[in-house]
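Colleague:
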Amino acid sequence: MPTLGIIGSGNIGTAIAHLAVAADIDIMIANSRGPQSLQDLVQALGPRAAAGTVEQAARAGETTVLTIPLAAYRALPAGLLQGRTVLDTGNYYPHRDGRIAELDTEQLTTTELAQHLLPGALLVKAFNNIMAHHIPQLARPAGAGDRTALPIAGDHPDATARAARLIDRLGFDTVDAGPLSESWRFEPESGAYTPIYLAHPDVPATQMLQAPAAPLPAEKLRAALQTAERVKVANRAF
Ligand SMILES: NC(=O)c1ccc[n+]([C@@H]2O[C@H](COP(=O)([O-])OP(=O)(O)OC[C@H]3O[C@@H](n4cnc5c(N)ncnc54)[C@H](OP(=O)(O)O)[C@@H]3O)[C@@H](O)[C@H]2O)c1
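So for the sequence shown, the numbering used here puts the first residue at 8; every next one is plus one.
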């Protein structure tokens, strides 16, 4: 498999990087501070990992994971990801990203907005509905009986299929939730968001970041996506 670019070396970027090197995929990872700041991380990841600039990570292979705060998308160089399959892990958190009218009015889903900001990139929403610490807990090899499914959505069928193959290799089944316009079904506070992976769904919000995960099979995720109701984004609590 060609090198996987990862833009963003925080909670999610690091978790995906670990899965990728464990699956024998070479990665190039980037952040806002530059490759020097990533030396400890690439050392921990081992010989399949390299640090690069944002531009180098974007050009490293045919697929890039974009895992930075939504507010930072506008700072990316124009045309950066043109023609690439991009796994967009982004969510809209008004307290972090500021209020965005197109999202508050549900005119666009978050990744539809990202698609507008990154014209020419082939965006696939993925890895946005699972807490970072649950990613290593739930990853399993292909064929395992207790595999977990993640939702994906995209407007470019070839890119969506490529993302599904990558996610399979990283350790998860996928459920195709349809085009980006349907991806609200697994945005924050929706029926298919992070609590569906909790081992104990009634865990208090204050303990979510320590709470263990339990495998979620594809049919349960499919049902959660189908019955999800669209959240009033302007009323969202975080
Ligand atoms: N944390 C979760 O459990 C979780 C779950 C689902 C989805 N998400 C979403 O996934 C995305 C990443 O979340 P996270 O928790 O991994 O974030 P994080 O820990 O805050 O890390 C963000 C990363 O983005 C990098 N970054 C920021 N601006 C950048 C720019 N202009 N160019 C290049 N890199 C830039 C940062 O670089 P520096 O390190 O140099 O600052 C950092 O490595 C967010 O949209 C978040 O909402 C998070």
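Beta carbons are placed, not taken as given, at the ideal position from N, Cα and C, and that holds for glycine.
Hey, is V61 close to ligand 1, as in C-beta under 7 Å from one of its heavy atoms?
Modeller: Yes; taking the cut-off as 7 Å, the Cβ of V61 has a heavy atom of ligand 1 nearer than that.
Colleague: T74: which of A121, A57, L52 sits nearest, CA to CA?
Modeller: Answer by Cα proximity: A121.
Colleague: Looking only at C-alpha atoms, which of L11, I19, A37 sits nearest to A30?
Modeller: Among L11, I19, A37, the Cα nearest to that of A30 belongs to L11.
Colleague: Based on the DSSP output, what are the partners of A37 in its beta bridges?
Modeller: A37 is bridged to I14.
Colleague: Can we count S44 as close to ligand 1, meaning its CB is less than 7 Å from some heavy atom?
Modeller: At least one heavy atom of ligand 1 is nearer than 7 Å to the Cβ of S44, so yes.
Colleague: Thinking C-alpha only, which one of A27, A166, H102, I203 is nearest P186?
Modeller: Taking only the C-alpha atoms, the option nearest P186 is A166.
Colleague: Whether or not the segment 128–139 and the segment 16–31 are in contact is what I'm after, with contact meaning three or more pairs of Cβ atoms, one per stretch, closer than 8 Å; do they touch?
Modeller: The answer is yes - the segment 128–139 touches the segment 16–31, with three or more Cβ pairs under 8 Å.
Colleague: Using a threshold of 8 Å, state whether the C-beta atoms of V93 and V131 are closer than that.
Modeller: The answer is yes: Cβ separation under 8 Å.
Colleague: Quick one: using the 10 Å Cβ neighbour count with 16 as the cut-off for buried, is G161 buried or exposed?
Modeller: Label assigned to G161: buried.
Colleague: Check the C-beta distance from F193 over to R154 and give it rounded, since I have them as a contact under 8 Å.
Modeller: In fact, because the Cβ distance is near 18 Å, the residues do not count as touching under 8 Å.
Colleague: May I ask you to check if the CB of G97 is nearer than 7 Å to at least one heavy atom of ligand 1?
Modeller: Within the cutoff, so yes.
Colleague: Exposed or buried, which one is E119 when buried takes at least 16 other CB atoms within 10 Å?
Modeller: By the 10 Å Cβ count, E119 comes out buried.
Colleague: Could you check what DSSP says for I19 in three-state terms: helix, strand or coil?
Modeller: Three-state DSSP puts I19 in a helix.
Colleague: Put V210 into one of helix, strand or coil per three-state DSSP.
Modeller: It is coil, neither helix nor strand.
Colleague: With a CB to CB cut of under 6 Å and the five nearest residues on each side skipped, what residues in its chain are close to T205?
Modeller: Residue 205 is actually Leu in this sequence, not Thr. Here the set comprises A218.
Colleague: Anyone know if the C-beta pair for V28 and R66 falls short of 8 Å?
Modeller: Contact flag unset, no.
Colleague: Can you tell me whether D183 is helix, strand or coil according to DSSP?
Modeller: In the structure shown, D183 sits in a strand (DSSP, three-state: E or B).
Colleague: To the nearest angstrom, how far is the alpha carbon of L110 from that of G152?
Modeller: Rounded to whole angstroms, L110 to G152 spans 38 Å at the Cα level.
Colleague: State the Cα-Cα distance for the pair E196 and V238, rounded to the nearest angstrom.
Modeller: If you take the alpha carbons of E196 and V238, they lie about 7 Å apart.
Colleague: Of the choices L26, A51, S44, I14, whose alpha-carbon is the least far from that of M35?
Modeller: Looking at the Cα atoms, I14 is the closest of the given residues.
Colleague: Might you give, ordered along the chain, the residues of its own chain that have their beta carbon closer than 8 Å to the beta carbon of A170, omitting 5 neighbours on each side?
Modeller: So the qualifying residues of the chain are T70, T92, L94, V131, A133, I159, G161, T181.
Colleague: Can the beta-carbon of V49 be found closer than 8 Å to that of A58?
Modeller: Yes, these two residues count as a Cβ contact at 8 Å.
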